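Protein chains in written order, with the working numbering: chain A, 1 to 464; chain B, 465 to 928.
Put into structure tokens, the structure is as follows:
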């Protein structure tokens, strides 16, 4: 016997509990598997004979034989008539790494951009909609749905997008996604397959976008953003045939793409036979004026509209939509199918109930007031404690940009020492960028008193 | 005035309803947008002056001016002091295609493979779990979660996989996916990025797999399946460094990968420094023997285990898991992040509640009985009506393979005329394959009487 069975220690699972509910055979099988995997039995090593092991454990020989046969069928053991049972030669032990730890948010007040108010998620409405789905779903609703998504959700979402965002959409012309990230990934894959090479991004812009573009096998070309949005004249010389941008409320500067730039951008897309990818980021929330409609509404033949409910409801609901030009629709739906075989049918129906019942719009109206009050608090607090700080990008959404004259990294580090989380422009900038230092103040997930308190605690750091 | 406003017909939305709730300005804006988009106003065409339009519509001039300014800000119109307002030159009208129609299932009894019983979805348990989530979720649960998925679900799923499938798993070593398709897509992307070129697939095998592999920029190499599963000796000569297969219940033949092949496969993976992708397809349901553990359990350093709840619960729940070798964990989690920024946090918690409460296992036990009865009915019906038909692959899952001596396409067409849906081996075969004709009988989503009736109706077609 190559192994000292008596040497098995209690932390090894090979220990049969006679008064447990689990049958002894099953206990033995598991215990042996564990022993084999953990390395207590080396590859090729001889096992005790069934007779010996049965005697050692005080169980029947037949039971041990059955377990040996089963582990042999699974490939853990090698058995052959007349020869001893051995651990399989190819066997290796597990080497599972611990989970990568998530970066700790240790600050008390964190002005994280890009987050809605997480505490305001309309959980009661969501559960109500879940129950409506349960009450009404057919067997077909439990099946894989169409690649483009639930027809019911597409109908309701298209109507919403037309009504609230001025998108040219109908149920037949859109693809349900799991949100902006997936919508962008699918669109980039379609572009790559159709021969595109370079995609322009805003600079400063979405921090993950250049990586996403490179992962799709494309080149990311930064194009400067000024107070009117992406500088289209500079876009023209890049050779890019696609551009991804946030026209309603630029990430991170908060500027709204100007009318002239909108037209210039579409003109560019027509000239290069290109495509604009519109990230309609936090556009539902607008304060000073009536909503500015989507860019896609101007040129549905040149714009892929990408939206999601991550800001309107919460990121934990992974649903969104892509409204592509008609010529890309089939490719985009195919990409979706190959990426994940469609979004959750139950979630899609739940969202459809939420929207159709008016609960979604009611939530938006409620949140618009909430965010307006937070925005006002941010403005007032900064006016009181850092009166000369330039604050821009306040027309929409729930972040604003403060231009710094102080050093960005130093300001952030100093604020963190006072337990206030600030987020600078650096992650949004391309390596060669010459734009100013700045702080992106997210106020979506902080209540008014936290905003006031946070600003009071760090205002002196901003204004030198 | 370049446009005959009086010529606007009622189906155009430009018609103000004085007693509607919507303000007139908003109605006008929408009506104009529609007119611009639909092509009733051509690009560059002149609009009526605000004074004229106001008079025509019987509203104030200021209101029209406001609407013009707004549409100008959105890029629909071009206004400049002293010149008439015009439709923007870059404007194009919408050309949205109708939705691609979903292939109609016109047959009355359809032996579709790969579907669980859709009517048995544990909706009551699911809603119970949704409510538990609503009752207990924190603000953090509404945020984006870790790329690898909810820690709580990973803990519970890892325990389930160890217990039921013999997988070497812990919460830190797995990535939550939206199911097998995504798990495979992410794994293929990682392989491609790491320099792999060719991936072996089973022949016959999963119909979409060769396309998925090609989309990932890799070559798909078919390797023959015999009565022991993939023929590993033939795999050796392909040059592939990865192989994707269904060891527990081969799609579509239903064979179980033999112990010798399991060891040979792992040996191959070690020799070529390669990877085995295990599609643990419908493995929860096994009839004749105790469960055969996962391949991954034998060699967690060489196997990516991919599972999902599509068969255990239903495809409409898009959740699954990937358990990769430790060295691929970080890459796989990154791919997940870039693909969709994580699976639904709410769904993940719902599934965690379902599993932790024992409701998931109870459902599996219940369904095992259901499928066992259906399997028995299929066997008995074929024995009665087509006694000499070879039927294989019945150890697990909810499909079996009948080898045909008749022509496959002809048999399927003839059955369809009797309103019975049959599914042949053809879509599963590689172009050059020489395997026999056959029918893959899926019995997961048909009740016993439908199975008996369906077989009775078409048995004569099977046995010539």
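Built from N, CA and C at the ideal position, the CB exists for glycine as well. These numbers were taken from a predicted model, which means no experiment stands behind them.
- Think of a sphere of 8 Å around the beta carbon of residue 331 of chain A: no beta carbon from chain B falls inside it, the nearest being about 11 Å out.
- Here residue 121 of chain A is not near residue 310 of chain A, since their CB atoms are 8 Å or more apart.
- For the region 575–592 of chain B, the set of positions with a beta-carbon nearer than 8 Å to some beta-carbon of chain A reads 579, 582, 583, 585, 587, 588, 590, 591 in chain order.
- Rounded to whole angstroms, residue 185 of chain A and residue 678 of chain B show a C-alpha spacing of 17 Å.
- Residue 815 of chain B and residue 593 of chain B have their C-alpha atoms spaced approximately 7 Å apart.
- Going by DSSP, residue 639 of chain B is part of the beta strand (DSSP E) stretching over 639–641.
- Under a criterion of Cβ atoms nearer than 8 Å, the residues of chain A adjacent to residue 536 of chain B are, in order, 259.
- Secondary structure of residue 522 of chain B (DSSP, three-state): coil.
- For residue 880 of chain B, the closest alpha carbon among the candidates B/574, B/480, B/548 is that of B/574.
- Non-local C-beta neighbours of residue 776 of chain B in its own chain, meaning closer than 8 Å and more than five positions away in sequence, comprise 580, 748, 824, 827, 828, 831, ordered along the chain.
- Residue contact with chain B for residue 421 of chain A: absent (no Cβ-Cβ distance below 8 Å to any residue of chain B).
- It is roughly 46 Å from the alpha-carbon of residue 432 of chain A to the alpha-carbon of residue 632 of chain B.
- Cβ neighbours of residue 235 of chain A within its own chain (closer than 8 Å, five residues either side excluded): 200, 223, 243, 265, 268.
- Interface criterion not met: the Cβ of residue 841 of chain B is under 8 Å from no Cβ in chain A.
- Residue 344 of chain A reaches chain B at 780, 781, 782, 808, 811, counting residues in chain order whose Cβ is nearer than 7 Å.
- Contact check for residue 716 of chain B and residue 892 of chain B: beta-carbon distance about 5 Å, within the 8 Å limit, so the pair qualifies.
- Beyond the five residues adjoining it in sequence on each side, residue 511 of chain B comes within less than 6 Å, by CB distance, of 549 in the same chain, given in chain order.
- Neighbours of residue 740 of chain B across chain A, judged by C-beta separation under 9 Å, do not exist; the nearest C-beta is about 11 Å away.
- By the beta-carbon neighbour count (other beta carbons within 10 angstroms, threshold 16), residue 800 of chain B is buried.
- For a cut-off of 8 Å, the C-beta gap from residue 389 of chain A to residue 463 of chain A is around 6 Å, short enough to register as a contact.
- Look at residue 658 of chain B here: in three-state DSSP terms it is coil, with no helix or strand label.
- Leaving aside the five residues that flank residue 89 of chain A on each side, the residues in its chain whose CB is nearer than 8 Å to its CB run, in chain order, 43, 44, 78.
- With respect to the 8 Å criterion, residue 784 of chain B and residue 771 of chain B are classified as neighbours on the basis of their beta carbons.
- Secondary structure remark: continuous alpha helix (DSSP H) runs of at least 4 residues inside the region 353–403 of chain A, in chain order: 359–385.
- If the five residues before and after residue 280 of chain A are omitted, its C-beta is found closer than 7 Å to the C-beta atoms of 165, 248, 294, 305, 306, 307, all from its own chain and listed in chain order.
- Around the Cβ of residue 597 of chain B, a 10 Å sphere holds 16 or more other Cβ atoms; the residue is buried.
- Looking from the CA of residue 538 of chain B, the closest CA among A/113, A/259, A/34, A/154 belongs to A/259.
- Within 8 Å of the CB of residue 303 of chain A, no CB atom of chain B is found; the nearest one sits about 10 Å away.
- Beta-carbon to beta-carbon, residue 904 of chain B and residue 925 of chain B are separated by about 15 Å, too far to satisfy the 8 Å threshold.
- Listed along chain B, the residues sitting closer than 8 Å to residue 212 of chain A by beta-carbon distance are 802.
- In the three-state reduction of the DSSP assignment, residue 304 of chain A falls in the strand class, which pools E and B.
- For a Cβ distance threshold of 7 Å, residue set 118, 119 of chain A lies close to residue 603 of chain B, ordered along the chain.
- Fully enclosed alpha helix (DSSP H) runs of no fewer than 4 residues occupy 123–136, 151–165 of the region 104–173 of chain A, in order along the chain.
- For residue 867 of chain B, no Cβ of chain A is located within less than 8 Å of the residue's own Cβ.
- Looking at B/870, B/885, B/921, B/836, the one whose alpha-carbon comes closest to that of residue 862 of chain B is B/836.
- Within 7 Å of the CB of residue 670 of chain B, no CB atom of chain A is found; the nearest one sits about 12 Å away.
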